[in-house]
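Protein chains in written order, with this note's numbering: chain V, 1 to 659; chain Y, 1001 to 1302. Below you'll find the structure, written out as structure tokens, and then a few comments.
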Amino acid sequence: MLLRASILIWLLVIWAVSGFGEAALTGLSIPATVSAINSAAPLSQRVVHYEIDAKYSPKTHTLDASETLTYHNLSGQPLDTFPFHLYLNGFQPTSTWAREAKREGTRGEDFEQLDATRYGAEEIKSFEVVGQGDLTSQLQFIHPDDNNRDDKTVVQVHLPKPVPPDGYVQFKINFHDQFPKTVARTGWDRESVLGGQWFPKIGVWWQGAWNCHQFHAYTEFFADFGVYDVKLTVPQDEVVGASGVEVSNVSNPDGTKTVTYHGDDIHDFAWTASPHYIDVYDTFQGSMGPVKIRIMMQPAHMRLVERHKRAVQVSMRCFDQWYGPYPYKTLTVVDPEPDSESSGMEYPTFITGGTAWWTPSGDRTSPEEVVEHEFGHQYWYGMVATNEFEDAWMDEGINQYVEIKVMDVMFTPSTSVYDFWGATVGERDGDHLFYAQKPDFDPMARKGWQFANSSSYGVITYAKTAVVLLTLEGIIGEDTMRQAMRTYFMRYRFTHPTKEDFLKTIEEVSGKDLRWYFNQAVYGTEVFDYRVYKVTSLPAEWFKNDLKEEKGKTEYINNVWIQRKEGFVFPVDIEVKFDNGEKVREHWDGQDRWVRFEYWKKAKVDSVEIDPDHKVYLDRDNFNNSYIVKENLAPAHKLVNYWTFLTQFFAQFLSWWLV
Amino acid sequence: MQGEGLISAGARIARNNKRYVVWFFLLNLAFARLGASGLGAQASATLDHSFYADRLLHGFNLAVLNELIVRPEFGPARGATAPAMIFAVLFFVVSLIFMPGVLLGYSSDHRISRDEFFRTCGHNLWRFVRLFLFFIVIAGIIASILSGIEFALAKAANETSNERLPFYMHLASLVIMFLVLTTIRIWFDLAETEVVLRDQGATRKSVASGFRTTWHNLKRLLGSYVGIALVALLILVAGIVLWHSIVPPASVFGAFLISQATLLLLLAARFWQRATVVAFYLGKWTSIEETKPASTALVSAS
């Protein structure tokens, strides 16, 4: 008896020492379902399983829901603190989002007053940790980024018992949402709603700490992969679309219906509903299996269906061939409520485009460009799930670069944005223009909310990254660049890679040390601007009073000066053409501020061009990259001609009506 | 078909006095060239020696154009726009000054002398300025009211889920605004004609008379004006289509020719409207006075 008691005591001591107080719930797991992917096994290391049962009221634009979140602790250490995003609380006047947006403007938002219709809220009604009781009263708002005590976009809970490494914990949360009139790609507009960032979402344990930033005016999102099972109850006349695959659609006696969705290996869930959507279906035969494409069109946009389909098909084909397969069984493309703030947004397997019924074929910004861009995010954000708060260039910028490549395939490099009666804009030209206007406020490698302003965020994150990668393509070659991007995608899909993961992959695949470039382009703010500073052709016998110059006989001392105007050091090629047709290629390492090339020839310099193969897109000013000795007046005359026409027309218009 | 007769009579008067259109067109061109000189100087400094400029010559790359404009070396945008605005306004002022001479020429069955032309212009200058001020006040008030109504309707249309409704709202509003403003233009064109042809010093009387005449003959006059405006629209569209389809992008001279031909015809359309009012005015004058001046034959023959 004493022996038994001793053994029991020792067992109790051992249990207490080994894990006393740790909330190791048994029987929990993240489902290994694959019904939403073309794969026999899960593709990601699944950390979360969200089960949400939500009821939406279109009259009040509110939603009441219960959420069961099962979390798998893969941090390698016990966890007793868990932060959650409550993004909809950003749409309140004292939030960090609103303060930043008021100060600098934000993604598509620049307001005098945050109109009351644009207020949003996400209120946790009850918060239970299974096995540890109701912890609603323990919830605490935190402000890790700016110490704004009025910000309620991140809430944290401290568990009485920590979750052991590799253990599971389950949260049961009841919450209430008030959707704003669409802002920052979420909310209602007229009779539609786009449910984005609408549920309490747990932060990411990343690089040894919780990563759960407040909602900022420019930044986007970051979350862990897992499984989503979501039930949406809405009025029966609503057409509903969402991330993942539709599992069931059941009519309820009270005039509502419940649509159930399931998603595998995704890290967010968005949905939309409107009585006006018209569904159009298509299929893409991907390398991992067929993908069912559902396009939810506005009734007035049906003439643009084929353009949507083509944009999706070309985009999916390019990505599949160039970088790797799209493994999901569905892709939902939403043509959102016109003029709403819900266009142009990406969620896993679910994107919003945005167009207008009158969009002419020459305007490729919508639907083609926006559909392509948002689809691209299925790769650069959806699968390669970088931290959008901290490394926005890795999703937006890399995606912008690939957008250029895909749009080149869809149209031509010089007409991929606009093509109206000879007036054209190509994607790369547009990005270069955008970049050139503000190239040096911030480095690409900067946390999103720390950019100087929204304009700098936009320029650097999207446009500069795109031209940096285009220039990188010029350095290592298009095929190598594509191979490097493919390696990066295949290696890091379904993970959260860092910027160094990307840069090292490029170096590894290209076999080149590119630090000199990355340090300036990615981590630095130096501006790239080379120019032809001066060109002279002086007769070698200039000192003779009776000198008669004869073409082909007189010898000239030709001098060409090239200047590096700004701080970015880059080796360049230079082509000098002479008036006898001869061409000379020079290479300059760009280390000094300027260089001079001298040629003694029986010919004069005809023209000089820096980067004659047009591989460098980073140069802010392309006009000064060349010099033609004999001036060509035609371009300026053409402009004057156009301007004269407009001035005359305006003058006639004025006189027509006034006298 | 009285409307057709009026339009034809106006066309005949305008055709017989082509020199006015030509002179006004040359002024229009000269002023615009001066207005474009700022842009020309700014553009030349950057474009004349650069290969990159080729993207504006062979084709017209709007991003490259923007790059040109945002270059610090290009200078402020107002360096190009301010002269254009000034010379456009100058053309309006010149039109205001010389329109009385044109109206006299249109009403006359012989070619009036330069002396007559300029004397009429000088004689009627302040009357035309007063009429212009009347016009600005009346048209401004009516246009503001219409714009307010249009804004309210557009806002309401935007709230509906019919996406095309706001567009059709705008279109209908534009058409209504065009018709109302054209009516006001007819009214003041008649007033100006009366001021010149009757040597009416009290412009308010001409304004009142112009209003009555417009009101009683609205269908006929508005039909004529709208018809000619549609011809002008067709000219503009045809000119742009031709410009795009037959002129190679790099052909500066070809573009100049076709653009100027289009603008000449557009200007002619406005003078055709003025001539139509003169024809109408002379015909009405005849019916009131029950006399038959030479110009009556012009109208009745049409």
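All residues carry an ideal CB built from backbone N, CA and C; glycine is no exception. Model, not experiment: these values are computed from the prediction.
Compute the minimum distance between the beta carbon of residue 428 of chain V and the heavy atoms of the ligand HEM, and state whether it is under 6 Å.
As presented, the structure is devoid of all ligands, the ligand HEM included, so that no description of it is given.
Three Cβ pairs or more, each shorter than 8 Å: is that satisfied between the segment 373-382 of chain V and the segment 315-326 of chain V?
Touching, yes, given that three or more Cβ pairs across the two stretches are closer than 8 Å.
Residue 1313 of chain Y touches chain V at which residues, Cβ-Cβ below 8 Å?
No answer is possible for residue 1313 of chain Y: it lies beyond the span of chain Y, which begins at 1001 and ends at 1302.
Is the segment 200-220 of chain V touching the segment 71-83 of chain V, taking contact as three or more C-beta pairs under 8 Å?
Touching, per the Cβ criterion.
Is any beta-carbon of chain V found at less than 7 Å from that of residue 1124 of chain Y?
Reading the second sequence from its first residue, position 124 is the one you call residue 1124 of chain Y. For residue 1124 of chain Y, the answer is no, since every Cβ of chain V falls outside 7 Å of its Cβ.
Check the Cβ-Cβ distances between residue 1170 of chain Y and every residue of chain V, and say whether any is below 7 Å.
The residue you call residue 1170 of chain Y lines up with position 170 of the second sequence. Cβ-Cβ to chain V under 7 Å: no for residue 1170 of chain Y.
Between residue 348 of chain V and residue 342 of chain V, is the Cβ-Cβ spacing less than 7 Å?
Residue numbering aside, residue 348 of chain V sits at position 348 when the first sequence is read from its first letter. Residue numbering aside, residue 342 of chain V sits at position 342 when the first sequence is read from its first letter. Not a contact, by the Cβ cut-off of 7 Å.
Would you decide whether residue 328 of chain V is buried or exposed? Buried here means 16 or more other CB atoms lie within 10 Å of its CB.
As a position in the first sequence, residue 328 of chain V is number 328, starting the count at 1. Buried: at least 16 other Cβ atoms inside 10 Å.
Pairs of beta-carbons, one from the segment 479-491 of chain V and one from the segment 406-414 of chain V, closer than 8 Å: are there three or more?
Contact between the segment 479-491 of chain V and the segment 406-414 of chain V is absent, because fewer than three Cβ pairs lie under 8 Å.
For residue 207 of chain V versus residue 161 of chain V, is the C-beta distance shorter than 7 Å?
Indexing the first sequence from 1 puts residue 207 of chain V at position 207. Indexing the first sequence from 1 puts residue 161 of chain V at position 161. The answer is no: Cβ separation not under 7 Å.
Spatial neighbours of residue 174 of chain V within its chain, please: CB distance less than 7 Å, with the 5 preceding and 5 following residues excluded, ordered by chain position.
Taking the first residue of the first sequence as position 1, residue 174 of chain V is located at position 174. The answer, listed in chain order, is 66, 125, 126.
Taking beta-carbon pairs under 9 Å, can you tell me which members of the segment 555-567 of chain V lie near chain Y?
Correct list: empty, as no residue qualifies.
Using CA coordinates, which residue listed in V:535, V:300, V:310, V:559 is at the minimum distance from residue 1163 of chain Y?
The sequence position of residue 1163 of chain Y within the second sequence is 163, counting from 1. Closest by alpha carbon: V:300.
How many angstroms separate the CA atom of residue 122 of chain V from the CA atom of residue 1061 of chain Y?
Residue mapping note: residue 122 of chain V aligns to position 122 of the first sequence, counting from 1. Residue mapping note: residue 1061 of chain Y aligns to position 61 of the second sequence, counting from 1. So the alpha carbons of these two residues sit roughly 47 Å apart.
Residue 194 of chain V versus chain Y: which residues are under 8 Å apart at the beta carbon?
For the purposes of this step, residue 194 of chain V is taken as the residue at position 194 of the first sequence. Those within 8 Å of residue 194 of chain V in chain Y number zero; the least Cβ separation is about 15 Å.
Along the chain, where does the alpha helix (DSSP H) containing residue 644 of chain V start, and where does it finish?
Along the first sequence, one-based indexing puts residue 644 of chain V at 644. That run of the alpha helix (DSSP H) goes 634-658.
Assign residue 668 of chain V to buried or exposed, taking buried as 16 or more other Cβ atoms, counted over all protein chains shown, within 10 Å of its Cβ.
Residue 668 of chain V lies beyond the stretch modelled for chain V, which goes from 1 to 659, so this question has no answer here.
Please return the same chain residues whose Cβ sits closer than 6 Å to the Cβ of residue 272 of chain V, not counting the five positions on each side in sequence.
Numbered from its first residue, the first sequence carries residue 272 of chain V at position 272. For residue 272 of chain V, where only same-chain residues beyond five positions count, the Cβ hits under 6 Å are 194, 241, 334.
Based on DSSP bridge pairs, tell me the residues matched to residue 279 of chain V.
Along the first sequence, one-based indexing puts residue 279 of chain V at 279. In DSSP, residue 279 of chain V forms a bridge with V:296.
Establish whether the CB of residue 1231 of chain Y and some CB of chain V are separated by less than 7 Å.
Taking the second sequence and counting its residues from 1, one reaches residue 1231 of chain Y at position 231. Judged by the 7 Å Cβ criterion, residue 1231 of chain Y is not in contact with chain V.
Spatial neighbours of residue 187 of chain V within its chain, please: CB distance less than 6 Å, with the 5 preceding and 5 following residues excluded, ordered by chain position.
Locating residue 187 of chain V in the first sequence gives position 187, where the first residue counts as 1. Excluding sequence neighbours, residue 187 of chain V sits near 179, 180, 181.
Within 10 angstroms of the Cβ of residue 421 of chain V, are there 16 or more other Cβ atoms? Answer buried if so, exposed if not.
Locating residue 421 of chain V in the first sequence gives position 421, counting from the first residue. Exposed, since its Cβ has fewer than 16 Cβ neighbours within 10 Å.
Check each candidate in Y:1019, Y:1028, Y:1041, Y:1018 and name the one with the smallest Cα separation from residue 640 of chain V.
Locating residue 640 of chain V in the first sequence gives position 640, counting from the first residue. Per the Cα distances, Y:1041.
Work out the CA separation of residue 135 of chain V and residue 458 of chain V for me, nearest whole Å.
Along the first sequence, one-based indexing puts residue 458 of chain V at 458. Along the first sequence, one-based indexing puts residue 135 of chain V at 135. Cα to Cα, residue 458 of chain V sits roughly 40 Å from residue 135 of chain V.
Under a Cβ-count criterion, where at least 16 other Cβ atoms within 10 Å of its own Cβ denotes burial, should residue 302 of chain V be classed as buried or exposed?
Translated into the one-based positions of the first sequence, residue 302 of chain V becomes position 302. Exposed.
Express the C-alpha separation of residue 407 of chain V and residue 475 of chain V in angstroms, rounding to a whole number.
As a position in the first sequence, residue 475 of chain V is number 475, starting the count at 1. As a position in the first sequence, residue 407 of chain V is number 407, starting the count at 1. If I take the Cα positions, the gap works out to 22 Å.
Expressed to the nearest angstrom, what Euclidean distance is found between the alpha-carbon atoms of residue 212 of chain V and residue 498 of chain V?
The sequence position of residue 212 of chain V within the first sequence is 212, counting from 1. The sequence position of residue 498 of chain V within the first sequence is 498, counting from 1. Cα to Cα, residue 212 of chain V sits roughly 16 Å from residue 498 of chain V.
Compute the Euclidean distance between the alpha carbons of residue 504 of chain V and residue 47 of chain V, then round it to the nearest angstrom.
Numbered from its first residue, the first sequence carries residue 504 of chain V at position 504. Numbered from its first residue, the first sequence carries residue 47 of chain V at position 47. Rounded to whole angstroms, residue 504 of chain V to residue 47 of chain V spans 27 Å at the Cα level.
What residue ranges within the segment 1199-1260 of chain Y form continuous alpha helix (DSSP H) runs of no fewer than 4 residues, ordered along the chain?
Whole alpha helix (DSSP H) segments, 4+ residues: 1203-1216, 1218-1246.
Given residue 437 of chain V, which residues of its chain have a CB within under 7 Å of its CB, disregarding the five upstream and five downstream residues?
As a first step, residue 437 of chain V must be located in the first sequence, where it is residue number 437. Answer for residue 437 of chain V: 459, listed in chain order.
Could you pull out every residue in the same chain whose Cβ sits closer than 6 Å to the Cβ of residue 1177 of chain Y, ignoring the five residues on either side in sequence?
In the second sequence, counting from the first residue as 1, residue 1177 of chain Y sits at position 177. Hits under 6 Å: 1146.
Measuring straight from C-alpha to C-alpha, what distance separates residue 1221 of chain Y and residue 1081 of chain Y?
The sequence position of residue 1221 of chain Y within the second sequence is 221, counting from 1. The sequence position of residue 1081 of chain Y within the second sequence is 81, counting from 1. Those two C-alpha atoms are separated by around 37 Å.
Taking the straight line between their C-alpha atoms, what separation do you get for residue 1083 of chain Y and residue 1036 of chain Y?
Here the question's residue 1083 of chain Y lines up with position 83 in the second sequence. Here the question's residue 1036 of chain Y lines up with position 36 in the second sequence. Computed Cα separation, rounded: 7 Å.
Could you name the residues of chain C that residue 1084 of chain Y contacts, counting a contact when the two beta carbons are closer than 8 Å?
Among the protein chains in the structure shown, which are V and Y, there is no chain C.
Would you say residue 303 of chain V faces chain Y, with C-beta separation under 7 Å as the test?
Looking up residue 303 of chain V in the first sequence gives position 303. No - not a single Cβ of chain Y is within 7 Å of the one on residue 303 of chain V.
Here's a check: name, in chain order, each residue in its chain whose Cβ is nearer than 6 Å to the Cβ of residue 618 of chain V, leaving out the five neighbours to either side.
Sequence index remark: in the first sequence, residue 618 of chain V carries index 618 (1-based). Around residue 618 of chain V: 467, 471, 528.
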